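Comments concern the structure below.
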Amino acid sequence: MNPLQKEKLLEMYRLMATIRRFEDSLYQLFLQGRVPGTLHQYQGQEAVAVGVCSALQETDIIFSTHRPVGHGIAKGMQLTSIAGELWGKVTGCAGGRSGQMHLTDVEVGMMPSNAIVGANIPIATGAALAFKLRGEERVAVSFFGDGAANTGAFHEGINLAAVKNVPVVFVCENNQFAASTHISLTIKIENIADRAAAYGIPGVIVDGMDVLQVHQAALEAVERARSGGGPTLIETKTYRYKGHSRGDPGKYRSPEELDQWQARDPLPAFREHLLAQGIVENMLVEVEAGIDRAVNEAVRHAENAPEPDPEETYNYVYA
Amino acid sequence: MIHPIIIPDLGATGGDVTLEEWQVQPGQEVRAGQMLFVVTTDKASVEVEAFRDGFIRELLAEVGQSLPVGAVVALLADSLDEPLVHPVPDETHQSADLTVQTQAPVPPGQPDSGKRILVSPLARRIAHREGIKLELLDGSGDNGQILKRDVIAALSKKGVEPVRPQPELGSIREGLSPMQRAVAELTQLSKRNAPHFYASITIDMGTALETRRKAVEWADRRGWPTPTITDLCIKAAALSLREFPMLNASFDGEAITTYAEINIGLVVGLEQGMLVPVIQRADQVNLYTLAGITQRLKKMAEGGKLSAGDLGGGTFTISNLGMFGLDSFTAVINPPQIGILALGAVMDKPVVMESSITARPQLNATLSVDHRVVDGITAARFMAAFKEMLENPERLMLDAPQDVPK
Amino acid sequence: MMPNETTRQMTMAEALRDAMRLAMQADPSVFLLGEDIGVEGGFGGGFTVTLGLAEEFGHERVLDTPISEAAIIGAAVGAAMVGMRPVAEMQYGDFVFAGMDQVVNQAAKMHYMSAGQVRVPVVLRLPVGASRRGAQHAQSTEAYWMHTPGLKVACPSNPYDAKGMLYASIRDENPVIFLEHKLLYGGKGGRKETTSLDPVMQVPEGRYEIPLGSIKVVREGSDVTLLANMLMVYRALTAAERLSEQGIEAEVIDMRCLAPLDMESLGASLEKTNRVVIVEEDNLTGGWGAELAARLGEEYFYYLDAPIKRVAAPDTPAPTALSLELEYLPDAEKIVAAVQSVMGGG
Chain A
3 MNPLQKEKLL
13 EMYRLMATIR
23 RFEDSLYQLF
33 LQGRVPGTLH
43 QYQGQEAVAV
53 GVCSALQETD
63 IIFSTHRPVG
73 HGIAKGMQLT
83 SIAGELWGKV
93 TGCAGGRSGQ
103 MHLTDVEVGM
113 MPSNAIVGAN
123 IPIATGAALA
133 FKLRGEERVA
143 VSFFGDGAAN
153 TGAFHEGINL
163 AAVKNVPVVF
173 VCENNQFAAS
183 THISLTIKIE
193 NIADRAAAYG
203 IPGVIVDGMD
213 VLQVHQAALE
223 AVERARSGGG
233 PTLIETKTYR
243 YKGHSRGDPG
253 KYRSPEELDQ
263 WQARDPLPAF
273 REHLLAQGIV
283 ENMLVEVEAG
293 IDRAVNEAVR
303 HAENAPEPDP
313 EETYNYVYA
Chain B
51 MIHPIIIPDL
61 GATGGDVTLE
71 EWQVQPGQEV
81 RAGQMLFVVT
91 TDKASVEVEA
101 FRDGFIRELL
111 AEVGQSLPVG
121 AVVALLADSL
131 DEPLVHPVPD
141 ETHQSADLTV
151 QTQAPVPPGQ
161 PDSGKRILVS
171 PLARRIAHRE
181 GIKLELLDGS
191 GDNGQILKRD
201 VIAALSKKGV
211 EPVRPQPELG
221 SIREGLSPMQ
231 RAVAELTQLS
241 KRNAPHFYAS
251 ITIDMGTALE
261 TRRKAVEWAD
271 RRGWPTPTIT
281 DLCIKAAALS
291 LREFPMLNAS
301 FDGEAITTYA
311 EINIGLVVGL
321 EQGMLVPVIQ
331 RADQVNLYTL
341 AGITQRLKKM
351 AEGGKLSAGD
361 LGGGTFTISN
371 LGMFGLDSFT
381 AVINPPQIGI
391 LALGAVMDKP
401 VVMESSITAR
411 PQLNATLSVD
421 HRVVDGITAA
431 RFMAAFKEML
441 ENPERLMLDA
451 PQDVPK
Chain C
4 MMPNETTRQM
14 TMAEALRDAM
24 RLAMQADPSV
34 FLLGEDIGVE
44 GGFGGGFTVT
54 LGLAEEFGHE
64 RVLDTPISEA
74 AIIGAAVGAA
84 MVGMRPVAEM
94 QYGDFVFAGM
104 DQVVNQAAKM
114 HYMSAGQVRV
124 PVVLRLPVGA
134 SRRGAQHAQS
144 TEAYWMHTPG
154 LKVACPSNPY
164 DAKGMLYASI
174 RDENPVIFLE
184 HKLLYGGKGG
194 RKETTSLDPV
204 MQVPEGRYEI
214 PLGSIKVVRE
224 GSDVTLLANM
234 LMVYRALTAA
244 ERLSEQGIEA
254 EVIDMRCLAP
264 LDMESLGASL
274 EKTNRVVIVE
284 EDNLTGGWGA
294 ELAARLGEEY
304 FYYLDAPIKR
314 VAAPDTPAPT
324 ALSLELEYLP
334 DAEKIVAAVQ
344 SVMGGG
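Those sequence lines, one after another, are chains A, B and C. Quick note: the first sequence uses the numbering used here, first residue 3, plus one each step. Quick note: the second sequence uses the numbering used here, first residue 51, plus one each step. Quick note: the third sequence uses the numbering used here, first residue 4, plus one each step.
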């Protein structure tokens, strides 16, 4: 394997491991009562965020949801910036005013995350429309879950994107549950990607636990968009290891099911793959140690940072 | 039968009176004419009498309470034991002798018992700023609300200029007594509305003083009231006004009303202000009668015992500050009259008589007239007539021919 | 207006079209999207406003969309967030509710939630007002926008204001809800509305802006202040004439911008007249008049010589039959009655 590829794989691993480590420590801290606000955790889905985002260029943009930590890290947000926002401190990416569900870092292409399920779909379409109008070779990516596939915004946004042939990639992270409701109760068909045909665009199904498969599918979709081929709907079959949000013990899922999906944990799988590709153990250990330090540092930083001035409430209502 | 006892109209300018004293109590039998209670107005203390015989059954007002004209203050019954039926108050009748209250007498200023005063925020603010009592205003709003225009109207009626003087540090700021306020408002109104024109004349009082001396001697011997210089002046002015009826008149801004009688108000200075009791038909009473009247009025004024009858009906006013040594001054017209005469002291002054200088007693009189309706010539001629009368005082005794029944 | 500025007679529809045309000429980031706005041989949107623009700027910049209000507005938001200046049209203002999430949760909040990292310079044009088409084609909607922090609300009453305010709205960095009254467009031929007012006036042909946040005194008076917007301005002016015959001089203020709100000018008028009657076509409860009454009552209480009254549509959906609509809509007679009541202390 060439060194560029090795570097790329290592980077992908680093991102996935960072997401996992960060989310796990948040979970621990939450149990200790040290995390304010709410948490919607991403453990188990890391392969999707990293697989897609590493297929993008720096100037491409992504739109995330109420579960944005994984996407944010994958797109290049700083841990301190994310942690600060979660803790509601001035060091947060939005100065603490937005919270966990609205992570934003426009500089790295992380557009404001949307807590309204499905709402970012037409918005991403609009951004892609802008790129097309301006003749820019940029791509917009809209992340959403299986629940969003039933919203009106999904239908309207994808249809409009298809009809106007804009450079957007729709990534549906089908983790089988919309909050506590299993997908079999909300959709009659087996695969959400089949809906793509209804809009006249390609629908692709991938194993969301395999980062390289996701990555490959993403590369194709992004290329299609960038070259004027229009949108793609990628459905990643994945699983959410934690509950929907904090305090959700996930009692609506069977332990067996969880076990099955954890057996397919993308992280150790990918780690194995890297070793098999000739990356030495020490490298991985070093990367992991670095992640530990970064995560601890980010948490410490957030806990010690000051809170925003109450006067800040009145800023940014109007531009 | 139950008869309500009410606050009668006492001519008080301020509207409300204060109940000073009860002179009867429940269960007491009273006769018509008997004094029931005393109230103070802005002018005087007044006793109110019973108009019929009967038994006092209930007192409805308390000492110190401020009450409007018509307020029921007590119940008089023909007998001691008949049931006191309090009829339901008829709110359409504003005149008090038909209203029997079932509750305590109407608190001051309420146009209708039990109804709130409706005032717009703006009107309330202006009223507060200008010191106008809202209870005294009539609201012109569709539901009786007091609006800005009502407050402004009240303001212009008083002729008040909205000015807030700045008190210096250490000085004391006190409100005015009712009498002071009445004087303040009246004088301000007078000066605001009537352009004052002044005509001044010096009168040789030598003969008048001699006439007076003789009259006093005559009166002493018979125990009659003794005339003063002021009395002579009053008589002289009254007789002069007969010749100049246009000065014995009032002007309401639109029309001149010439009075049928000549009733001369005399300014009486008091510690707490001043009052102007009126000598009715001053031109017709003889000098001794006049003297008696002025003596009585002065005494009553000083004792705070003037009645509405004593204070009303004036058609012209005289003010004498001579006793304080002023040789002359100008007085403020007493609206709605159009003339006032200011008398200075009688003083010995050097005059030229038949080419030599001699001392003669002189009095300076200054007439103030409302120049909207009285011109300078009329004023001058009046003063000339007045002077002639006093310099030939037998004219005060010798009247013009009167109609005598055939 | 500059001296020697060329002007020409314009209806409000023409004035709006002109504003968009000039904006699009000056800035390539301005584009239009909506239903039936650019179709060749079509009607230029619901009310002819965009007629001819697709011919001039092409169908990429004058974008016809499916019936997808959420997508229309959402796409406008997305495009704006990456630097465009979209002008989105709802064919009837009433349809905005199908895309309400995108207005209230997305457009209005993105700037705030991102602490200024993104801006949403979107203009959302809504044809509003009762026009005998039924309750779902008749609403005024001002109150929803005033109540949503982050939005600006424009509602011009005449062609001159319409052009200047639309141009300013397109240049504004904030999401603007731009209300246009159906009966004021002044459409032509077959598209002309019955009972419309069709104000036509001299409008400058060049570019000019009327920045948002100002109201306009269109008639001076000293006895009562009438606040009205859009079509109601004309009703108020008619009422003012009738009142003048009765010796009551009404000051009429065109509330052409409801957010930001020019409280200073309103206060100055109220200090002068001491009486306010608000004339609004929206429903009484929670209408834009309610907010103004509360705010004026709070800040200028001691200047009021009478309660603040509102002449508004009753709390019913808009009916269609003529007799019902006449009952429903505020008119000069109802305004005169309200003023008379207020002159008598309310």
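Cβ atoms here follow ideal geometry from the backbone N, Cα and C, with glycine treated the same way. As the structure is a prediction and not an experimental result, all values here were calculated from the model.
Listed in chain order, the non-local C-beta contacts of B/D377 below 7 Å within the same chain comprise G394, A395, M397, N414, local neighbours out to five positions each way being set aside. Within 7 Å of the CB of B/G191, the CB atoms of chain C belong to G347, G348, in sequence order along the chain. Listed along chain A are V319, each with a C-beta nearer than 7 Å to that of C/P152. The alpha carbon of A/T61 has as its nearest neighbour, out of A/G111, A/T82, A/I125, the alpha carbon of A/G111. The beta strand (DSSP E) runs lying completely inside the stretch 102-170 of chain A and spanning 3 residues or more are 142-147, given in chain order. Rounded to whole angstroms, B/F436 and B/P400 show a C-alpha spacing of 22 Å. Nearest CB-CB separation between A/M79 and chain C: not below the 8 Å threshold. Within the stretch 147-159 of chain A, the residues whose Cβ lies closer than 9 Å to some Cβ of chain C are T153, G154, A155, H157, E158, G159, listed in chain order. DSSP, reduced to helix, strand and coil, places B/D92 outside both helices and strands of the structure shown, so it counts as coil. Beta-bridge analysis with DSSP links B/W72 to B/F87. When 7 Å is used as the limit between beta carbons, B/R175 is near these residues of chain C: Y305, in chain order. Taking 8 Å as the upper bound for CB-CB distance, C/L36 and C/P89 are in contact here, some 6 Å apart. When beta bridges are read from the DSSP output, B/S406 appears opposite B/M403.
As for any beta strand (DSSP E) of minimum length 3 sitting wholly inside the stretch 219-271 of chain A, the runs are 234-239, ordered along the chain. Among the residues facing chain C, B/P58 is not included, as its CB has no counterpart in that chain under 8 Å away.
Taking 8 Å as the threshold, the shortest C-beta distance from C/N108 to chain B does not fall below it. Within chain A, the C-beta atoms nearer than 9 Å to that of C/R122 come from A321, in chain order.
Identification of chain C residues near B/S170 by a Cβ-Cβ cut-off of 9 Å yields N277, L307, D308, A309, P310, G348, G349, ordered along the chain. Pairing C/S344 with C/K312 gives a Cβ-Cβ distance under 8 Å.
Residue contact check for C/A79 against chain A: a CB pair falls below 8 Å.
Residue burial annotation: C/D104 is buried, with at least 16 other C-beta atoms found within 10 angstroms of its C-beta. The closest CA to that of A/A121, considering only C/K112, C/G77, C/R122, C/W148, is found on C/G77. Excluding five sequence positions before and after A/R23, the CB atoms of its chain that fall closer than 6 Å to its own CB belong to I293, V297, given in chain order. Just so you know, the alpha carbons of C/I338 and C/G96 end up roughly 26 Å apart.
Counting every other CB atom within 10 Å of its CB across the protein chains shown gives B/M403 a total below 16, marking it as exposed. In this structure, the straight-line span from the alpha carbon of B/G362 to that of B/I368 is close to 15 Å. Separation of the CB atoms of C/G81 and A/P70 is rounded to 17 Å, and the pair is thereby denied contact status at 8 Å. Assignment of A/D196 by DSSP, reduced to helix, strand and coil, places it in the helix class.
In the structure shown, C/N286 falls within a strand segment according to DSSP collapsed to helix, strand and coil. Within a 10 Å sphere around the beta-carbon of C/E267 sit fewer than 16 other beta-carbons, which makes this residue exposed.
Counted as a single uninterrupted DSSP element, the beta strand (DSSP E) harbouring B/G319 occupies residues 318-320. Within the stretch 270-326 of chain C, the complete beta strand (DSSP E) segments of 3 residues or longer fall at 279-286, 312-316, listed in chain order.
Using a 10 angstroms sphere on the CB of A/F179, the tally of other CB atoms reaches 16 or more, which defines it as buried.
About 17 Å separates the CB atoms of C/V42 and C/A16; that is not less than 8 Å, and the two are not in contact. In the three-state DSSP reduction, C/T51 falls in the coil class, being neither helix nor strand. DSSP lists no beta-bridge partner residue for A/M18.
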